[in-house]
Amino acid sequence: MQGSYCKITTAYLIFLLAVLCLWGYTPSNDGDGYIELARECLAAGQPYPCTASIHGKPFIWNIGQINLIALSLGLFRSVLPVLVLMCAMKALTALLIARITERLFGYKAGMIAVCLYMAYPNNWGQSTTLLSEIPAVTLLLAAIHLLLLRNSRGAHAVLAGILLASANWFRSVSLVFLVAIFLYYLFFQRKRLVCRYSLLLSGYAAFVLLVGTGCWLRTGYFIYQGDTLWFNMAEATYETSVAPHYNSEMYPKGTARYIPGREHMTAMECAAIWRERSLAWLKEHKADYLRKIPGRLVYMYMNDMDNLSAFLPDKSRPENNFVTLPYRHIFSEMGQLSAVQWLGIVNLVFYLLLLIGFLLSSVSMIRKRENWGQIFLPVFLTVGGSLAIVLAVHGETRFKAPFMPFIFMMVAAGLQQIIQKKQLCQEP
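As structure tokens, this is what we get:
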């Protein structure tokens, strides 16, 4: 059974490498920012964050991805090795989805989940970018997989903690997973809660201490993860919509985001000022802030085609690397749609079916009240994780990437139930 997963995900890896070869690298605004910081650190002869990348910068960005890019540029003078690694990690993600789904719901569900994941068009082009979602998601799923092994031992819990912390090093989302795992042990494996969770936290703490101490020794600051929270939160004090404010002034005068002389301050000093201003605003405007949460959630889940830009014929300008659909006039403009837009329509239908399938499967299994242990992690991480994201920051559509694997898992579980019911009805 495991061999089947390996074969199919190996084929997926070959497919992703073919996409990379045929369509090439997809620049992005964040990716260009990572490359700039990586080159800055290479010039300083230090990992990120270095002193030069702390002074005059507004925040600490995704540390793991920037250091990975710096390593590739330093050794090969190219980001191509990182892109190949992204393809491999994307294929590994598919394998982990299959194995976690099998552990929770059975082999057939695992096979359905991995097939759905590989067939989903928005997954095809993600590994042509330098964004941090792929390594973060792969490491998060690897940690979950270790904890759910039938013969999971203490060493697995320690390693899972290290993987969660390293995922956080690439993208700061592990806190949601730590909470979910704690609640999972509390509700379903209470006898192992103290021991297993302590071991998990010890692995997490070891990674944090190692990375943070290394940063402190070279910069004087204990930094172990990216920190854009207060940069984003400051914008929430004056933003007028739930959508991110692309292509607008980043530091408008007269707002909480604006700091005179910011260019001469450190990222930590900026964060402290934004934190003070944001908390003061939140004390007086709690209701105003909470009213934006439903809209942010809807915006984050309104579509899922960020990675289709990989197939655009011209990707030379990162700010233009996105695909749009004429939703209001889609039937009248069908004859004018490009090939990428047609792929976007296919992806949109697929995505909507996934969301419907997730809701129906979750509701069906919750109503049965007999498989709470199976569905807890996928449902809690998807729902609770999504709410945690939009509660803290605006909801960009790609921010839901860490939770998409669990949507595939629940849809696969629901489809497996339907197949089993049909087989039972056909039996004499």
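According to my numbering, the sequence shown is numbered sequentially starting from 19.
Beta carbons: idealized from backbone N, C-alpha and C, even for Gly.
Exclusion of the five residues before and after VAL408 leaves ILE311, ARG314, LEU315, MET318 as the residues of its chain whose Cβ lies within less than 7 Å of its Cβ. Shown here, ASP332 sits in coil according to DSSP, grouped into three states, outside any helix or strand. Taken atom to atom, the span from the alpha-carbon of ALA224 to that of VAL367 is near 44 Å. In this structure, the beta-carbon distance from LEU182 to SER170 does not fall below 8 Å.
Looking at the DSSP output, ASP324 sits in no beta bridge, so it has no partner there. HIS163 sits in a helix when the DSSP states are folded into three classes.
Separation of GLU257 and THR273 (C-alpha to C-alpha, rounded to the nearest whole angstrom) is 10 Å.
The DSSP assignment places 172–188, 192–206 as complete runs of the alpha helix (DSSP H) inside the segment 170–233, in order along the chain (cut-off: 4 residues). Counting along the chain, the unbroken alpha helix (DSSP H) around ASN47 starts and ends at 47–62.
In the DSSP assignment, HIS73 is bridged to THR284. In this structure the segment 205–218 does not lie against the segment 33–52, because fewer than three pairs of beta carbons, one per stretch, are closer than 8 Å. With distances taken between CA atoms, ALA252 lies nearest to ALA289 out of ALA289, THR284, TYR239. Between the segment 287–302 and the segment 238–254 there are three or more inter-stretch CB-CB distances shorter than 8 Å, so the stretches are counted as touching. In terms of Cβ geometry, GLY42 and THR111 do not form a close pair [threshold 8 Å]. In the structure shown, ILE32 adopts helical secondary structure according to DSSP, grouped into three states.
GLU120 sits buried, since 16 or more C-beta atoms from the chains shown fall within 10 Å of its C-beta.
Segment contact: the segment 417–435 against the segment 391–407, three or more CB-CB distances shorter than 8 Å; contact assigned. DSSP places ILE277 outside both helix and strand once states are collapsed to three, so it counts as coil.
Under the DSSP definition of a beta bridge, ASP245 partners with ILE78.
In its chain, beyond the 5 residues on either side, no residue has a beta carbon closer than 6 Å to the beta carbon of GLY238. Counted as a single uninterrupted DSSP element, the alpha helix (DSSP H) harbouring GLU120 occupies residues 98–123. Using a Cβ-Cβ distance cut-off of 8 Å, the segment 134–143 and the segment 27–41 are in contact, since at least three pairs of beta carbons, one from each stretch, lie closer than that value.
Only exposed fits GLU388, as fewer than 16 other CB atoms lie within 10 angstroms of its CB.
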